[in-house]
Structure formats: structure tokens, C-alpha cells
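What follows is a short report on a single structure.
Residue numbers (our numbering): 54 to 248.
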């Protein structure tokens, strides 16, 4: 298991405020995908503090801790398969922002509670704030762990928290909502008054 901080990643497919089922099936979870270049540095929590490394090295470390000498061979069977490994080449998916990036896909079971979602000044954010949204830039914290159970082997990421960093071009899911798009109006008295 390893706790990792991501810095200024592009956010994709965020289900941060309400737990949802994946494609309408399975358990309810909070989810997010983080887009980074393959060699973007990440921060790994160690006994001595935070250490700069790469996500690939973290994945290898977790595999080796879980499966010892078999770690490299098992990892080779998982890599490149988004169903088995949380870190994969975005070029295999045709989604906004994925080309030429790597993807870290993280989820958090509803039973573990909502992930921490904060603004640049660390104040809590709600869904009404309109951020974070798909396409903005965020910092994130995740826990990388090895799955080895009746469902098989895999390398997974548990979503811990997301911090909004800055706006970015919204992905095709739409742009963030802003109340400046509406004028203040008086409520019509009757249906005939609606123009």
C-alpha cells in the first residue's frame, strides 16, 4: 500500500459528491480519473516524509511488496488493462484529454464516506460550487494497493481527496455553471404573464 499525492493533474469523469454505480451496476462509489504525462513526478508518503517519484515506480513497489519475487511477472500481466491496473496509457481510450497522457483511475466505496474535496485555500467544496469539474486542474491524494482475492489480482487506487487548483477547458460533459448566466426577474403572477 502507498499513499500518493498528485499535483496539477487534469480531472476526468468526476463522481465526487454523490456515489454512483459504474454503468448502472455494482456497488456505489465515488470516482475520479487523473490525467498526467507518463513521467510527471508524484509525491510518495514515506516514514521520513514525502519523496518525489513516478507513478510507475509506485506501482512497481506495491506489486513487489504484495507478490515479492513474482511481482514483476504478475504486474506484466496487469499493465495496459484498465480493468486490472489503475495506471494506464490514455491512448487506449477515445476520451477528451486522454491522448498522449496516462490515466490514474481511482474510486472510493460509498461505505468509506465521501472523499475530501477542497478549494485552493483548503475550504470544503460542495456540488453547488461548480468545481471541481471534468477538465479542470486538481491536486489529488490516492492510496495505491494490490488486490489479490476471489476477484483476481490487480493494482487499485482508492480515492482519498481532491483539491481544485485552476480552471481548464471543460471536457465534453459541459462547462461549469455560473449564476451570472441568469438575470434577476420577478415571478409572473399568472401563466399569461410568461412571455
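C-beta atoms are modelled at their ideal positions from N, C-alpha and C, and glycine is treated no differently.
Computed from a predicted model, the values in this text were never measured in an experiment.
Exercise. Under 9 Å, do residue 126 and residue 208 count as touching if we go by C-beta distance?
Worked result: no
Problem set entry | CB of residue 89 within 9 Å of CB of residue 195, strictly | no
Problem set entry | Beta-carbon separation (whole angstroms), residue 107 vs residue 92, contact threshold 8 Å | 6 Å
For this session: Quickly, what does DSSP pair residue 64 with across the bridge? List them, please.
Result: 87
For this session: Could you name the residues of the same chain whose beta carbon sits closer than 7 Å to that of residue 162, not counting the 5 residues immediately before and after it, in chain order?
Result: 80, 82
Exercise. So what does DSSP say about residue 216, is it helix, strand or coil?
Worked result: strand
Exercise. Residue 188 to residue 74, Cα distance in whole Å?
Worked result: 22 Å
For this session: Kindly indicate if chain D contains any beta-carbon less than 9 Å away from that of residue 67.
Result: The structure shown has no chain D; it contains just one protein chain.
For this session: Would you check if the stretch 166-180 and the stretch 128-142 touch, i.e. whether three or more CB-CB distances between them fall below 8 Å?
Result: no
For this session: Per DSSP, which residues does residue 98 bridge with? Please list them.
Result: 103
Problem set entry | Beta-carbon proximity list for residue 168, same chain, < 7 Å, skipping 5 on both sides | 69, 83, 161, 212, 213, 214, 215
For this session: Throw me the rounded Cβ distance for the residue 128 and residue 111 pair, which I believe falls under 8 Å.
Result: Going by Cβ atoms, the distance from residue 128 to residue 111 rounds to 12 Å, so no, they are not a contact pair.
For this session: Would you kindly report the start and end of the unbroken beta strand (DSSP E) that includes residue 169?
Result: 169-171
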